[in-house]
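Mapping of the sequence shown onto numbering that gives the first Met the number 0: residues 0 to 206, in sequence order.
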Amino acid sequence: MKSPDDARNLLVRILDLLARPGIRNPGLLIAVLALGFMLWQSDESRTTDTEAERLRGETEPDTFINQGVLRSFDEQGRPKLVATSPRTEQFDDRQEAVLEAPDATLYDHEADLRWLVTSNHGLYHMSTEVMELEGSVEVTRSVEGGDAVLLTEYLRIDNPAGKATTDRPVTLKSPGSITHARGMTGWFNERVLELENSVEGIYETRP
Numbered sequence: 000m001k002s003p004d005d006a007r008n009l010l011v012r013i014l015d016l017l018a019r020p021g022i023r024n025p026g027l028l029i030a031v032l033a034l035g036f037m038l039w040q041s042d043e044s045r046t047t048d049t050e051a052e053r054l055r056g057e058t059e060p061d062t063f064i065n066q067g068v069l070r071s072f073d074e075q076g077r078p079k080l081v082a083t084s085p086r087t088e089q090f091d092d093r094q095e096a097v098l099e100a101p102d103a104t105l106y107d108h109e110a111d112l113r114w115l116v117t118s119n120h121g122l123y124h125m126s127t128e129v130m131e132l133e134g135s136v137e138v139t140r141s142v143e144g145g146d147a148v149l150l151t152e153y154l155r156i157d158n159p160a161g162k163a164t165t166d167r168p169v170t171l172k173s174p175g176s177i178t179h180a181r182g183m184t185g186w187f188n189e190r191v192l193e194l195e196n197s198v199e200g201i202y203e204t205r206p
């Protein structure tokens with residue numbers, strides 16, 4: 000790879016050649032083309048390097064997976080969590096997987112229930128089977144009369160414990176009610192939800 004000094008020296012030599020009348024006109028065309036090529040190459044290199052750095056983060060991942068699938072199973076071998084992502088970056092030393100726009104399903108086989116979970120970003124800790132979701136997190140479950148939806152900006156899902164927690168504001172929407180709170184703990188298997196602070200509810204009165 001040529002250094003900046005090499006490029007400058009090349010440009011000086013081209014300008015010296017342009018001073019000779021016999022080659023000034025054809026030399027001008029060559030110089031313009033050469034200078035444009037060098038500038039184009041320089042811009043392309045900076046763009047490529049910036050894009051690669053943005054994708055891999057602070058450290059380079061060990062594996063890139065497009066349209067990847069993560070699975071977690073219970074003691075009977077049944078799926079507890081299935082998560083898909085258009086792009087997954089795996090870091091073996093940290094035992095972590097970074098998921099872009101994850102789309103996950105949590106299973107309660109005893110009650111035959113499913114929770115559908117989406118967010119902008121996800122971090123899956125492979126050793127502990129804990130998933131951290133951030134950015135427009137949405138959890139949906141079918142209930143009688145429609146869907147129950149939980150909205151927040153951050154959610155930590157502990158698969159072995161069957162628990163989800165957040166300290167951020169949450170909004171719960173279900174048929175006939177909307178509830179706002181800050182901080183929440185939910186137990187999937189028991190289907191229990193505990194709201195912690197600043198709880199406000201709006202309920203629809205039906206005749």
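Just so it is clear, CB atoms sit at the ideal spot from N, CA and C, and this is done for glycine as well.
Ala103 carries a strand assignment under DSSP once its states are collapsed to helix, strand and coil.
Of all C-beta pairs linking the segment 151-164 to the segment 176-189, three or more are shorter than 8 Å, placing the two stretches in contact. Runs of the beta strand (DSSP E) lying entirely within the segment 78-149, each at least 3 residues long, are 78-90, 95-99, 102-107, 112-117, 120-124, 129-142 in chain order.
The C-beta of Ser84 has 16 or more other C-beta atoms within 10 Å across all chains shown, which makes the residue buried. The Cβ neighbour count for Ala110, taken over all protein chains shown within 10 Å, is under 16; the residue is labelled exposed. Under DSSP, the beta-bridge partners assigned to Glu193 are Thr184. Distance from His124 to Gln94 at the Cβ level is roughly 7 Å; contact confirmed, criterion being Cβ atoms closer than 8 Å. Here Gln75 is exposed, its C-beta having fewer than 16 other C-beta atoms within 10 Å. Within the same chain, and ignoring the five residues on either side of Lys172 in sequence, the residues whose Cβ sits closer than 6 Å to its Cβ are Val148.
At a Cβ-Cβ threshold of 8 Å, Tyr153 and Gly175 do not count as neighbours.
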